[in-house]
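K.L.:
Our numbering numbers the first residue of the sequence shown as 2 and each following residue consecutively. Glycine included, C-beta positions come from ideal geometry on N, C-alpha and C.
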Amino acid sequence: MQAAPGEAITAAAPQPGEVDGESAPLRVLSGATSTTPAPGKFRILMAVMALVLYALDQFTKHVVLQKLTVGDPIEVVPGLLWWSLHFNPGAAFSMGTQFTVAIAVLALCVLVALMGIVAPRVRGWLTAVAVSWLMAGVAGNLTDRLFRAPGPFRGYVVDFIAVRSFAVFNVADMCITGAAILLIIWSVRSERR
């Protein structure tokens, strides 16, 4: 747009309720949308991903309990990967085996905080995926602690994926680790911005 000779070239400032010089109702009617999805879409994404991963964790644990016995690993990739049934009363890497009840209570508090405080505030795809993975992982292992032997809040977590020179873990552990990696990536990207 050119100004008449002698006039300053300026663009009119958007008025309240306008975006890029177009009123908000006009943008809705014209089909123009924001590039940021609505928070409801993030909630749906988180709920679906968390439920699918939680179901996968519980299904795989059910299968290995039917097919495997403790102390009888099945080699999957020679020299690298085995299915090996273990019952873990502690946290990651079998640490804190004497604190099973405390770990279960902490996991329950974390899950409630994730669902009630963190998830409703998510406003990005990366954090939505990370939070859903974290919810699925915490819920998967918490289910074991609440409903498996030797009793509520003292139940042992079912682990069955054994990698050479590493700990034995499960799908829930993979979700928690993946979530931690995604949150680190999100943090680095946020700092760069």
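Which of the three DSSP states, helix, strand or coil, is assigned to G179?
P.N.:
G179 falls in the helix class under three-state DSSP.
K.L.:
Could you spell out where the beta strand (DSSP E) holding L160 opens and where it closes?
P.N.:
It should be pointed out that residue 160 corresponds to Asp in this sequence rather than to Leu. From DSSP, the beta strand (DSSP E) with D160 extends over V158 to V164.
K.L.:
Residues in the same chain with beta-carbon distance under 6 Å from A163, minus the five sequence neighbours each way, listed in chain order, please.
P.N.:
W83, S85 and V169, listed in sequence order.
K.L.:
Using only the alpha-carbon positions, how far apart do R193 and S166 sit?
P.N.:
If I take the Cα positions, the gap works out to 35 Å.
K.L.:
Grab the span of the alpha helix (DSSP H) containing L46 for me, first residue to last.
P.N.:
It spans P40 to K68 - the alpha helix (DSSP H) in which L46 sits, taken as one unbroken run.
K.L.:
Rounded C-beta distance between A129 and F43? I'm assuming under 8 Å.
P.N.:
Right, the Cβ-Cβ distance comes to about 4 Å (below 8 Å), so this counts as a contact.
K.L.:
Pick helix, strand or coil for N171, following the three-state DSSP scheme.
P.N.:
In this structure, N171 counts as coil in the three-state DSSP scheme.
K.L.:
Is the number of C-beta pairs between the stretch 66-74 and the stretch 176-191 that are closer than 8 Å three or more?
P.N.:
These segments do not touch.
K.L.:
With DSSP collapsed to three states, give me the class of V77.
P.N.:
The answer is strand: DSSP assigns V77 an E or B state.
K.L.:
Whose C-alpha, out of Q99, M136 and P151, is nearest the C-alpha of G117?
P.N.:
Comparing Cα positions, the closest option is M136.
K.L.:
Under the DSSP definition of a beta bridge, which residues are partnered with L107?
P.N.:
Note: L107 sits in no beta bridge, so no partner.
K.L.:
Under three-state DSSP, which class holds F148?
P.N.:
If DSSP states are grouped into helix, strand and coil, F148 belongs with the helices.
K.L.:
Can you tell me where the beta strand (DSSP E) holding S95 begins and where it ends?
P.N.:
First-last for S95: undefined, no H or E at that position.
K.L.:
Please report the distance separating the alpha-carbon of P40 from that of V132.
P.N.:
Near 14 Å, if we compare the C-alpha coordinates of V132 and P40.
K.L.:
Between L109 and L143, which are expected to be in contact by the criterion C-beta below 8 Å, what is the C-beta distance as a whole number of angstroms?
P.N.:
Confirmed, about 6 Å.
K.L.:
On the criterion of 16 or more Cβ atoms from any shown chain inside 10 Å, does I177 qualify as buried, or is it exposed?
P.N.:
I177 should be labelled buried.
K.L.:
Between V111 and V139, which are expected to be in contact by the criterion C-beta below 8 Å, what is the C-beta distance as a whole number of angstroms?
P.N.:
Yes, V111 and V139 are in contact; Cβ-Cβ is about 6 Å, under 8 Å.
K.L.:
Kindly list the residues whose CB is nearer than 7 Å to the CB of P74, restricted to its own chain and excluding five residues on each side of it in sequence; keep chain order.
P.N.:
Contacts found: W83, W84, S85 and A163.
K.L.:
Which residues in the same chain as A92 place their Cβ atom closer than 6 Å to its Cβ, once the five residues preceding and following it in sequence are excluded?
P.N.:
So the list reads I104, once near-sequence residues are dropped.
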